[in-house]
Amino acid sequence: MTVAIIALVSGKGAPGVTTAALACTLTWHRRLILAECDPAGGSILAGYLGGALDGRRGIGEVAVAELRDGNLEAHFWSQLVDLDAPRRERLLLPGVVDAAQAGSVTPLWQRFADFFVSLDRGQPPFDVLVDCGRIEVPNPPWPLLRAAATVLVVTGARLADLSATRGAVRAIERDFTDHRVPAGNLRLLVVGDGHPKSEISKAMRLPVIGQLPDDPRTAEVLTHGGTIRANRPLMRAAGALEVPVHSLLDRRRARLSWPTAEVTHAV
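Position one of the sequence shown corresponds to residue 1 (UniProt numbering), numbered consecutively onward.
Okay, here's the thing in structure tokens:
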């Protein structure tokens with residue numbers, strides 16, 4: 001089975017990408033690595049994990065090791081946090097914590113994209129859920145978005161949210177066109193109430209893959225720590241999202257594996 005990169009990104013002012021990504025990581029059944037690749041910084045160590053672990057842990061430390069000795073792979077696994085210890089089925093690569101770390105990571109987005117794609121050679125394989133944050137920041141992680149099997153653009157369902165999301169979607173589409181990224185891997189992930197999904201899809205000219213409810217109590221726990229309750233609306237909806245996302249990935253894998261017919265020319 002080929003490893004998939006599933007990227008989450010948003011436009012200006014959109015609801016939390018990290019909250020959605022963490023909810024999916026904690027509820028999906030496949031082995032996952034959640035990689036915090038938001039250039040603005042990671043928040044799970046200080047938030048959901050309550051600062052219980054050293055903040056100098058994660059993608060920034062891996063980047064420093066790669067720049068120092070070109071040994072990203074050797075350092076990668078030691079920098080992961082087991083969110084479901086000791087099973088090592090839901091792992092976190094924490095994001096950057098300061099500007100110095102961000103400066104080390106930015107030149108390596110392509111290196112991380114290539115490495116995540118290469119994880120299909122590992123045993124066991126992990127899918128990689130990449131939190132890319134908001135697109136309107138300096139040095140967004142474009143190589144990770146281009147390498148993703150699917151990109152979920154997180155948006156609210158109200159007019160102001162959709163206006164900001166439209167700009168983000170068009171920016172991604174332009175970049176994908178410029179870099180010849182195959183069309184068809186962009187989807188909308190709607191958060192909260194507002195316009196119906198069918199209207200949003202039509203207005204944005206993109207399919208809606210799912211909707212997460214407005215659940216402030218659970219969002220607070222995912223942001224600042226506490227006890228996660230699996231029966232809460234947000235966690236149930238995040239868990240249900242696994243089916244359409246992986247159905248989309250399976251269809252894409254099937255298309256990529258179709259044999260190319262040989263063309264013969266009469267002599």
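Ideal Cβ positions, reconstructed from N, Cα and C, are used throughout, including at glycine.
When the options are compared against residue i, the one with the closest alpha-carbon
i      : options                        : result
Leu83  : Thr27, Val191, Glu199          : Thr27
Ile33  : Val190, Leu80, Thr165, Gly122  : Leu80
Val62  : Ser118, Ser104, Asp193, Lys197 : Ser104
Thr165 : Met204, Gln101, Gly50          : Met204
Cys132 : Pro138, Leu144, Pro125         : Leu144
Arg57  : Pro39, Arg87, Ala85, Val97     : Val97
Ala252 : Arg232, Ala237, Gly194, Gly184 : Residue 252 is actually Arg in this sequence, not Ala. Looking at the Cα atoms, Gly184 is the closest of the given residues.
Gln123 : Pro140, Glu89, Pro107          : Glu89
Gly70  : Val221, Leu108, Asn139         : Leu108
Ala102 : Asp214, Leu67, Ser201          : Leu67
Thr106 : Pro125, Leu119, Val64, Ala74   : Val64
Leu53  : Leu189, Leu8, Leu92            : Leu92
Ile44  : Val221, Arg229, Val190         : Val221
Leu119 : Ala4, Gly239, Leu189, Arg180   : Ala4
Val169 : Ser201, Val243, Asp215         : Ser201
Pro85  : Arg158, Leu49, Ala100, Arg134  : It is worth fixing the name first, because residue 85 is Ala in this sequence and not Pro. The shortest C-alpha separation from Ala85 is found at Leu49.
Beta-bridge pairing of residue i - partner residues as DSSP gives them
i      : result
Gly156 : Val191
Val117 : Answer is none; Val117 lacks a bridge partner.
Asp131 : Leu8, Glu36
Leu93  : Ala35
Val208 : Leu188
Thr150 : Ile6
C-beta contact flag for residue i and residue j at 8 Å
i      : j      : result
Asp127 : Ile6   : yes
Ala20  : Leu186 : no
Asp16  : Ile59  : The question names Asp, but residue 16 is Gly in the sequence shown. Their beta carbons are not under 8 Å apart, which means Gly16 does not touch Ile59 by this criterion.
Cys24  : Val130 : no
Arg30  : Leu72  : no
Phe176 : Arg146 : yes
Leu241 : Ala219 : no
Ala47  : Gly225 : In the sequence as presented, Ala is not what sits at residue 47; that position holds Gly. Yes. Within cutoff.
Ala149 : Leu22  : no
Val153 : Ser247 : no
Gly192 : Gly167 : no
Pro207 : Pro39  : no
Arg217 : Arg236 : no
Glu199 : Lys12  : no
Span of the alpha helix (DSSP H), counted from its first residue to its last, around residue i
i      : result
Gln101 : 99–105
Ile200 : 197–204
Val17  : 17–27
Leu45  : First-last for Leu45: undefined, no H or E at that position.
Gly239 : 233–240
Asp69  : 59–69
Start and end residues, beta strand (DSSP E) containing residue i
i      : result
Ser78  : Where Ser78 is concerned, there is no enclosing beta strand (DSSP E), given that its DSSP letter is neither H nor E.
Gly226 : Here Gly226 belongs to no beta strand (DSSP E), and DSSP marks it neither H nor E.
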